Amino acid sequence: MSIFRTESLKDSTVLITGASGGIGAATAILFARAGANLIITARRESVLEQVKQACEKANQDSAVGHGGRVSALVLDMQDPKAIDSFLDRVPSELKKIDVLVNNAGLVYGRDPVGELNFEEVQVMITLPNSNNKTNCS
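Mapping of the sequence shown onto my numbering: position 9 corresponds to residue 54, and the numbering continues sequentially without gaps.
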(Lines of atoms letter the chains of each structure in order from A and count residues from 1; the text may use other names and numbers.)
(Lines give C-alpha, C1' and ligand atoms only; values in the text may rest on other atoms or scores of the structure.)
Protein backbone atom coordinates (compact mmCIF):
# COMPACT_ATOMS: atom_id res chain seq x y z
CA MET A 1 0.00 0.00 0.00
CA SER A 2 1.37 3.39 -0.96
CA ILE A 3 1.80 6.06 1.70
CA PHE A 4 1.23 8.65 -1.02
CA ARG A 5 -2.56 8.96 -1.05
CA THR A 6 -3.18 10.55 -4.40
CA GLU A 7 -6.92 10.91 -3.96
CA SER A 8 -6.31 13.55 -1.28
CA LEU A 9 -4.52 15.75 -3.84
CA LYS A 10 -7.15 15.66 -6.57
CA ASP A 11 -8.31 19.19 -7.42
CA SER A 12 -5.86 20.80 -4.98
CA THR A 13 -3.60 23.56 -6.32
CA VAL A 14 0.16 23.15 -6.03
CA LEU A 15 2.75 25.89 -6.64
CA ILE A 16 6.25 24.61 -7.43
CA THR A 17 9.21 26.97 -7.83
CA GLY A 18 12.25 25.76 -9.74
CA ALA A 19 10.17 23.29 -11.73
CA SER A 20 12.19 23.28 -14.97
CA GLY A 21 14.27 20.23 -14.13
CA GLY A 22 15.48 17.71 -11.59
CA ILE A 23 13.56 17.49 -8.33
CA GLY A 24 11.16 20.30 -9.28
CA ALA A 25 10.11 18.72 -12.58
CA ALA A 26 9.80 15.25 -11.04
CA THR A 27 7.69 16.67 -8.20
CA ALA A 28 5.42 18.46 -10.67
CA ILE A 29 4.87 15.27 -12.66
CA LEU A 30 4.09 13.34 -9.48
CA PHE A 31 1.48 15.91 -8.41
CA ALA A 32 0.03 15.88 -11.95
CA ARG A 33 -0.40 12.10 -11.73
CA ALA A 34 -2.31 12.68 -8.50
CA GLY A 35 -4.79 14.98 -10.25
CA ALA A 36 -3.61 18.26 -8.74
CA ASN A 37 -3.81 21.60 -10.51
CA LEU A 38 -0.30 22.99 -10.94
CA ILE A 39 1.42 26.34 -11.09
CA ILE A 40 4.97 25.58 -12.15
CA THR A 41 7.63 28.28 -12.21
CA ALA A 42 11.24 28.62 -13.33
CA ARG A 43 13.51 31.06 -15.12
CA ARG A 44 13.79 29.13 -18.41
CA GLU A 45 10.54 29.35 -20.38
CA SER A 46 11.38 26.78 -23.07
CA VAL A 47 12.27 24.06 -20.54
CA LEU A 48 9.30 25.00 -18.36
CA GLU A 49 6.99 24.46 -21.34
CA GLN A 50 8.40 20.94 -21.78
CA VAL A 51 7.67 20.18 -18.11
CA LYS A 52 4.15 21.57 -18.55
CA GLN A 53 3.54 19.18 -21.45
CA ALA A 54 4.93 16.26 -19.41
CA CYS A 55 2.60 17.17 -16.53
CA GLU A 56 -0.43 17.35 -18.81
CA LYS A 57 0.45 13.93 -20.24
CA ALA A 58 1.02 12.48 -16.75
CA ASN A 59 -2.40 13.71 -15.67
CA GLN A 60 -4.13 12.26 -18.74
CA ASP A 61 -2.33 8.92 -18.36
CA SER A 62 -3.08 8.59 -14.64
CA ALA A 63 -5.93 6.69 -13.05
CA VAL A 64 -7.23 10.05 -11.79
CA GLY A 65 -7.26 11.52 -15.31
CA HIS A 66 -9.64 14.37 -14.59
CA GLY A 67 -7.66 16.97 -16.52
CA GLY A 68 -5.93 18.96 -13.77
CA ARG A 69 -4.92 22.40 -15.01
CA VAL A 70 -1.23 23.27 -15.48
CA SER A 71 -0.07 26.87 -15.62
CA ALA A 72 3.60 27.51 -16.45
CA LEU A 73 4.87 30.95 -15.45
CA VAL A 74 8.39 32.33 -15.77
CA LEU A 75 9.62 33.50 -12.37
CA ASP A 76 13.11 34.47 -11.23
CA MET A 77 13.27 33.95 -7.46
CA GLN A 78 16.22 36.38 -7.32
CA ASP A 79 13.99 39.24 -8.48
CA PRO A 80 11.90 40.69 -5.61
CA LYS A 81 9.74 42.74 -8.02
CA ALA A 82 8.89 39.63 -10.03
CA ILE A 83 7.88 37.85 -6.83
CA ASP A 84 5.75 40.78 -5.67
CA SER A 85 3.82 40.84 -8.96
CA PHE A 86 3.70 37.07 -9.40
CA LEU A 87 0.16 36.47 -8.08
CA ASP A 88 -1.18 39.01 -10.57
CA ARG A 89 -0.15 36.58 -13.34
CA VAL A 90 -1.67 33.47 -11.76
CA PRO A 91 -5.01 32.50 -13.34
CA SER A 92 -7.88 33.41 -11.01
CA GLU A 93 -9.08 29.81 -10.65
CA LEU A 94 -5.64 28.81 -9.31
CA LYS A 95 -5.08 31.60 -6.78
CA LYS A 96 -6.07 29.46 -3.79
CA ILE A 97 -2.82 27.57 -3.31
CA ASP A 98 -3.02 24.43 -1.16
CA VAL A 99 0.58 23.22 -1.41
CA LEU A 100 3.81 25.21 -1.87
CA VAL A 101 7.02 23.46 -2.94
CA ASN A 102 9.89 25.96 -2.54
CA ASN A 103 12.38 24.20 -4.78
CA ALA A 104 14.15 27.01 -6.67
CA GLY A 105 17.92 27.04 -6.39
CA LEU A 106 20.98 27.14 -8.58
CA VAL A 107 24.46 25.71 -8.91
CA TYR A 108 27.44 27.37 -10.58
CA GLY A 109 29.98 25.13 -12.25
CA ARG A 110 31.41 21.91 -10.97
CA ASP A 111 34.80 23.10 -9.78
CA PRO A 112 36.50 21.37 -6.87
CA VAL A 113 35.49 23.00 -3.57
CA GLY A 114 38.85 24.72 -3.12
CA GLU A 115 38.53 26.40 -6.52
CA LEU A 116 34.99 27.80 -6.20
CA ASN A 117 34.48 31.53 -6.67
CA PHE A 118 33.34 33.14 -3.39
CA GLU A 119 30.66 35.33 -5.01
CA GLU A 120 29.12 32.35 -6.79
CA VAL A 121 29.09 30.31 -3.58
CA GLN A 122 27.40 33.20 -1.82
CA VAL A 123 24.61 33.31 -4.44
CA MET A 124 24.14 29.51 -4.29
CA ILE A 125 23.72 29.65 -0.52
CA THR A 126 21.66 32.83 -0.41
CA LEU A 127 18.99 31.98 -3.01
CA PRO A 128 17.56 28.89 -1.30
CA ASN A 129 17.54 30.71 2.04
CA SER A 130 16.54 34.20 0.92
CA ASN A 131 13.70 36.40 2.04
CA ASN A 132 12.33 36.05 -1.49
CA LYS A 133 11.13 32.56 -0.60
CA THR A 134 9.43 33.97 2.47
CA ASN A 135 7.74 36.54 0.24
CA CYS A 136 6.57 33.76 -2.07
CA SER A 137 5.20 31.83 0.91
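In this text, a Cβ means the ideal position worked out from N, Cα and C, and glycines have one as well.
Keep in mind it's a predicted model, so treat the numbers as computed, not measured.
- Around the Cβ of Gly159, a 10 Å sphere holds fewer than 16 other Cβ atoms; the residue is exposed.
- Looking only at Pro136, Asp124, Ala73, Ile61, the smallest Cα-Cα distance to Ala149 is reached by Ile61.
- Residue nearest to Asp106 within the set Gly69, Val168, Ala77 is Ala77 (criterion: CA-CA distance).
- Closest in alpha carbon position to Pro136, among Ser116, Leu145, Asn147, is Ser116.
- Inclusion of Leu151 and Arg134 in the CB contact set at 8 Å is not warranted, their separation being larger than that value.
- If you draw a 10 Å sphere on the C-beta of Val166, you find fewer than 16 other C-beta atoms in it, and that means exposed.
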